[in-house]
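Numbering (the UniProt record's numbering), first residue to last: 1 to 336.
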């Protein structure tokens, strides 16, 4: 998409990142207002509104790559991005500047349900890589269908859990709570469009930078590019933390991780073939790493640590440590 010199590609990348950052701030504010108006709850609002919108760039990339038949790009983009998005929870923990860790502040039942579903969804992805694409019913194999069903079941159970849980006091200013929903919805729509367009440009310009620097494709996709595409989640998460909407910040990440694999069904419908059976060893490795990181999140939500070290909880330290070890291991994965 971009055939510019390195300085121009870097400039496009930075401008796109700035647009995404501003859009993320607006998205959280609008989501908070919509949540209060319709009583969605922080976890459900994060899982549906924020999680889907912040992953709109991945939706666009999935559609584009499916039309071009580049299914390997789809697999790498989806499975490679989930691990680094999970590590963002450690960043949010540090940014919260509370005495107790984020896992304790936001460790409600709804987010715990989501985290368990993410592990189930990722395990289904790994199993789907072993299916014979020639034995599918048309171009729809059981894997992508199961991913959709798991995600829908996750939303249903989150909604049920939110209804059964006591509401926490809101921290939004009174004037914002009293306004109607027309303006927040308009802001939400405009910010979503900005996130979609700038996100696609961000990823494409980042790809151009990697080509100019001669970086290895798998390593670049799992680190620099994955960090770039996680920028919408970083922006919205930090804004949610600033508003002390801790459950929403966590749900944005975990809910997004649950939603992303559903795009494999979209890819199958557009391209006419299953993407997961063509996964590379590095893709399967990253999916397994994401399961490990999500398990750490689950343990933190259950144990609810009360103290921080180095500004974060023990579970956040474990997230960073496991991710760092995982990136070292990624360089040792055998290539076909």
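The beta carbon of each residue, even a glycine, is placed where N, CA and C say it ideally should be. All values reported here derive from a predicted model rather than from experimental measurement.
Check your understanding: Apart from the five residues just before and just after residue 172, which ones in its own chain have a Cβ nearer than 8 Å to its Cβ?
Key -> Position 172 of the chain shown, counted from the first residue, corresponds to residue 172. Unreliable placement is indicated for residue 172, whose pLDDT of 43 sits below 50; the coordinate value is still reported in the next sentence. So the qualifying residues of the chain are 32, 33, 36 and 243.
Practice item. On a CA-only basis, which of 55, 94, 236 and 207 is nearest residue 196? Give me that one, please. Key: Position 196 of the chain shown, counted from the first residue, corresponds to residue 196. Of 55, 94, 236 and 207, the residue nearest in Cα terms is 55.
Point to revise | Helix, strand or coil at residue 303 according to DSSP, with G and I counted as helix | key: Working through the chain shown from its first residue, we reach residue 303 at position 303. In the structure shown, residue 303 sits in a helix (DSSP, three-state: H, G or I).
Review point. Residue 235 and residue 89: beta carbons closer than 8 Å?
Key: The residue you call residue 235 lines up with position 235 of the chain shown. The residue you call residue 89 lines up with position 89 of the chain shown. Against a cut-off of 8 Å, the Cβ pair of residue 89 and residue 235 comes out as no contact.
Check your understanding: Apart from the five residues on each side of it in sequence, which residues of its chain come closer than 8 Å, Cβ to Cβ, to residue 319?
Key -> To locate residue 319, count along the chain shown from 1; it is residue 319. If we look at residue 319 and ignore the five residues flanking it on each side, its Cβ neighbours are 86, 87, 89, 90, 293, 296 and 297.
Check your understanding: Secondary structure at residue 312, three-state DSSP: helix, strand or coil?
Key -> Sequence index remark: in the chain shown, residue 312 carries index 312 (1-based). The three-state reading of DSSP puts residue 312 in strand, counting E and B together.
Exercise for review: Could you have a look at residue 140 and say whether DSSP puts it in helix, strand or coil?
Suggested key: Along the chain shown, one-based indexing puts residue 140 at 140. Shown here, residue 140 sits in a strand according to DSSP, grouped into three states.
Practice item. Please work out which residues of its chain come closer than 8 Å, Cβ to Cβ, to residue 348, disregarding the five sequence neighbours upstream and downstream, and give them in chain order. Key: Not covered by the structure: residue 348. The range shown for the chain is 1 to 336.
Review point. Quick one, are the C-beta atoms of residue 140 and residue 268 less than 8 Å apart?
Key: Sequence index remark: in the chain shown, residue 140 carries index 140 (1-based). Sequence index remark: in the chain shown, residue 268 carries index 268 (1-based). Yes, they are a contact pair.
**Study point:** Sequence-distant residues of its chain with Cβ nearer than 6 Å to residue 169 (five each side left out)
**Key:** Indexing the chain shown from 1 puts residue 169 at position 169. Per-residue confidence for residue 169 stands at a pLDDT of 41, beneath the threshold of 50, marking its modelled position as unreliable; the derived number appears in the next sentence. There are no such residues.
Check your understanding: Apart from the five residues just before and just after residue 12, which ones in its own chain have a Cβ nearer than 6 Å to its Cβ?
Key -> In the chain shown, residue 12 corresponds to position 12, counting from 1. Correct list, in chain order: 205.
Review point. Is the beta carbon of residue 199 less than 8 Å from the beta carbon of residue 57?
Key: Sequence index remark: in the chain shown, residue 199 carries index 199 (1-based). Sequence index remark: in the chain shown, residue 57 carries index 57 (1-based). Annotated as proximal: residue 199 and residue 57, with beta-carbon spacing under 8 Å.
Practice item. Inspect the CB distances between the segment 247-261 and the segment 94-113 and report whether three or more fall short of 8 Å. Key: With a cut-off of 8 Å, the segment 94-113 and the segment 247-261 count as touching, because enough Cβ pairs lie within range.
Point to revise | Cα-Cα separation between residue 120 and residue 321, rounded to whole angstroms | key: On the chain shown, residue 120 is found 120 positions in, with the first residue counted as 1. On the chain shown, residue 321 is found 321 positions in, with the first residue counted as 1. One C-alpha to the other measures close to 23 Å.
Point to revise | For residue 284 and residue 79, the rounded distance between their alpha carbons | key: Here residue 79 refers to the residue found at position 79 when the chain shown is read from its first residue. Here residue 284 refers to the residue found at position 284 when the chain shown is read from its first residue. Distance between the alpha carbons of residue 79 and residue 284: 8 Å.
Exercise for review: Locate the alpha helix (DSSP H) running through residue 276, then write down its first and last residues.
Suggested key: The count along the chain shown starts at 1 and reaches residue 276 at position 276. That residue, residue 276, is in no alpha helix (DSSP H); it is neither H nor E in DSSP.
Exercise for review: Just mark residue 114 as buried or exposed, buried being the case when its beta carbon has 16 or more other beta carbons within 10 Å.
Suggested key: Taking the first residue of the chain shown as 1, we reach residue 114 at position 114. That one is buried.
Review point. Since residue 83 contacts residue 290 with CB under 8 Å, what's their CB separation in whole angstroms?
Key: Along the chain shown, read from residue 1 onward, the residue named residue 83 stands at position 83. Along the chain shown, read from residue 1 onward, the residue named residue 290 stands at position 290. So it is a contact: roughly 4 Å between Cβ atoms.
Review point. Does DSSP put residue 339 in a helix, a strand or coil?
Key: Here the chain has residues from 1 to 336 only, and residue 339 is not among them.
Point to revise | Candidates 231, 279, 330 and 112: closest to residue 301 by CA position | key: Start at 1 with the first residue of the chain shown, and residue 301 comes out as number 301. Distances from the CA of residue 301 to each of 231, 279, 330 and 112 were compared; the closest alpha carbon is that of 112.
Point to revise | Continuous alpha helix (DSSP H) stretch holding residue 245: start and end | key: Locating residue 245 in the chain shown gives position 245, where the first residue counts as 1. No alpha helix (DSSP H) contains residue 245, which DSSP labels as neither H nor E.
Point to revise | Contact set for residue 305: own chain, Cβ-Cβ below 7 Å, skip 5 residues either direction | key: Numbered from its first residue, the chain shown carries residue 305 at position 305. When the five nearest sequence neighbours on each side are left out, the beta carbons in the same chain lying within less than 7 Å of the beta carbon of residue 305 are those of 101, 103, 104, 313, 314 and 315, in order along the chain.
Practice item. Between the Cα of residue 70 and those of 307, 273 and 329, spot the shortest distance and give me the residue it belongs to. Key: Mapped onto the chain shown, residue 70 falls at position 70. Ranking 307, 273 and 329 by Cα distance to residue 70 puts 273 first.
**Study point:** Run of the alpha helix (DSSP H) containing residue 196, from where it starts to where it stops
**Key:** Here residue 196 corresponds to residue number 196 of the chain shown, with the count starting at 1. Start and end: 182-213.
Exercise for review: May I ask you to check if the CB of residue 22 is nearer than 7 Å to at least one heavy atom of the ligand PLP?
Suggested key: The ligand PLP is not among the ligands present in this structure, which contains no ligands whatsoever.
Exercise for review: Report the rounded CA-to-CA distance for residue 182 versus residue 277, giving the unit in angstroms.
Suggested key: Taking the first residue of the chain shown as position 1, residue 182 is located at position 182. Taking the first residue of the chain shown as position 1, residue 277 is located at position 277. Distance between the alpha carbons of residue 182 and residue 277 is about 44 Å.
Check your understanding: Is the beta carbon of residue 258 less than 8 Å from the beta carbon of residue 156?
Key -> Position 258 of the chain shown, counting from 1, holds the residue named residue 258. Position 156 of the chain shown, counting from 1, holds the residue named residue 156. Not a contact, by the Cβ cut-off of 8 Å.
Point to revise | Residues near residue 175 by beta carbon distance below 8 Å, same chain, minus five either side | key: Taking the first residue of the chain shown as position 1, residue 175 is located at position 175. Its pLDDT being 40, under 50, residue 175 is placed unreliably by the model, and the measurement read from it follows with that caveat. Exclusion of the five residues before and after residue 175 leaves no residue of its chain whose Cβ lies closer than 8 Å to its Cβ.
Practice item. Report buried or exposed for residue 310, applying the criterion of at least 16 other Cβ atoms within 10 angstroms of its Cβ. Key: To locate residue 310, count along the chain shown from 1; it is residue 310. By the neighbour-count rule (16 or more Cβ atoms within 10 Å), residue 310 is not buried but exposed.
Check your understanding: Just checking my contact of residue 61 with residue 203 at CB under 8 Å: how many whole Å lie between their CB atoms?
Key -> Locating residue 61 in the chain shown gives position 61, counting from the first residue. Locating residue 203 in the chain shown gives position 203, counting from the first residue. With a beta-carbon spacing of about 6 Å, residue 61 and residue 203 fall inside the 8 Å limit used to define contacts.
Point to revise | Per-residue DSSP class, three states only, for residue 333 | key: Position 333 of the chain shown, counting from 1, holds the residue named residue 333. Correct three-state label for residue 333: coil.
**Study point:** Alpha-carbon spacing of residue 332 relative to residue 212, whole angstroms
**Key:** Locating residue 332 in the chain shown gives position 332, where the first residue counts as 1. Locating residue 212 in the chain shown gives position 212, where the first residue counts as 1. The alpha-carbon atoms of residue 332 and residue 212 are separated by roughly 24 Å.
Review point. Can you give the Cα-Cα distance for residue 233 and residue 245, rounded to whole angstroms?
Key: Position 233 of the chain shown, counting from 1, holds the residue named residue 233. Position 245 of the chain shown, counting from 1, holds the residue named residue 245. If you take the alpha carbons of residue 233 and residue 245, they lie about 14 Å apart.
Review point. So what's residue 341 in DSSP terms, helix, strand or just coil?
Key: Outside the displayed span of the chain (1 to 336) sits residue 341, for which this structure offers no information.
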